[in-house]
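In the numbering used here, the protein residues as written are 723 to 923.
The beta-carbon is built from N, C-alpha and C at its ideal position, and this holds for glycine as well.
These numbers were taken from a predicted model, which means no experiment stands behind them.
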Amino acid sequence: MEVEKCYFCNETAVYECAVYRKPLCQTHIRILSICHSCTPRIHVEFSIIEKTEKDSQKIERLTQLFWGEPEQIMFDMKLKIHELPAYIAESNGKLIGFIAHKPLEKSMLIAALAVLPRYQGSGIGKALIQKVEEKARQLSKKKLLVSTSNDDLPALAFYQKIGFQIFEVKPNVIAEKHGKAILGLGGIPIRDEIMLHKILA
723 MEVEKCYFCN
733 ETAVYECAVY
743 RKPLCQTHIR
753 ILSICHSCTP
763 RIHVEFSIIE
773 KTEKDSQKIE
783 RLTQLFWGEP
793 EQIMFDMKLK
803 IHELPAYIAE
813 SNGKLIGFIA
823 HKPLEKSMLI
833 AALAVLPRYQ
843 GSGIGKALIQ
853 KVEEKARQLS
863 KKKLLVSTSN
873 DDLPALAFYQ
883 KIGFQIFEVK
893 PNVIAEKHGK
903 AILGLGGIPI
913 RDEIMLHKIL
923 A
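Right under this line is the structure:
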């Protein structure tokens, strides 16, 4: 698993510049309006398989790199992402993304979704979501749940574009967890947990 560093500093890259394809950390990303024709589309051959025990360590490392800690708090639950069921996306035998999920009584929680920066925009995230949605339907779950932070505008756009809707905002819950509002994407202070759901008809 190859983890890239930000083009401008030595921090872990979690996004890629849509114009120049340079890897970017949260600090150096900027939110801009870009037309569809200026957004490069890359084609990646990939497969999605269920996580095996050997993948847990890679998922733990990716979780640490993307979110700065191996555990996530969402929907009032503290979750160790690498211990949850997951699907992984592979290309040429390399892990390039994953989605961890947790079945709840009537819903399926998406606990984490990550795709390495150079592979973002190639449909991998959407394919991973579809895999979890299929699993949720098999288990007769009524909806998918996911949460993100107030700074993660690309995630908010992505989830809403594929049918999720914001249903609750928990002000300051993330800031309280860290003892202060830390700077997130593009310098936006991370404070709030934004909860979204997708009703499964």
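Exercise. Is A897 helix, strand or coil by DSSP?
Worked result: helix
For this session: Look at the alpha carbon of S769 and the alpha carbon of R859, and state the distance between them as a whole number of angstroms.
Result: If you draw a straight line from the Cα of S769 to the Cα of R859, it is about 21 Å long.
Problem set entry | From L838, T774, P792, I795, residue whose alpha carbon lies closest to that of Y809 | T774
For this session: Leaving aside the five residues before and after A740 along the sequence, list all residues of the same chain whose C-beta is less than 6 Å from its C-beta, in chain order.
Result: I756, T761
For this session: Could you work out which residue in N732, V868, R913 is closest to A833 when comparing CA atoms only?
Result: V868
Problem set entry | Straight-line Cα distance separating K780 from L850 | 17 Å
Problem set entry | Helix, strand or coil at Y737 [DSSP, three-state] | strand
Exercise. Would you call the segment 886-897 and the segment 906-921 in contact, with 3 or more CB pairs under 8 Å?
Worked result: yes
Problem set entry | Spatial neighbours of M796 in its chain, beta-carbon cut-off 6 Å, leaving aside the 5 residues before and after | Cβ within range, chain order: S869.
Exercise. Would you report the Cα separation of L907 and L838, rounded to the nearest angstrom?
Worked result: 16 Å
Problem set entry | Buried or exposed by the 16-neighbour rule on C-beta atoms within 10 Å, applied to F730 | exposed
Exercise. Excluding the five sequence neighbours on either side, which residues of its own chain have a C-beta within less than 6 Å of the C-beta of L875, listed in chain order?
Worked result: I753
Exercise. Taking DSSP as the reference, what is the three-state secondary structure of A822?
Worked result: strand
For this session: Give a yes or no on whether the C-beta atoms belonging to L787 and T734 are separated by under 9 Å.
Result: yes
Problem set entry | Opposing strand residues paired with T749 [DSSP bridges] | Note: T749 sits in no beta bridge, so no partner.
Problem set entry | Where I781 falls: helix, strand or coil (DSSP) | helix
Problem set entry | Alpha carbon of H804 to alpha carbon of A822, nearest angstrom | Cα-Cα distance, rounded: 8 Å.
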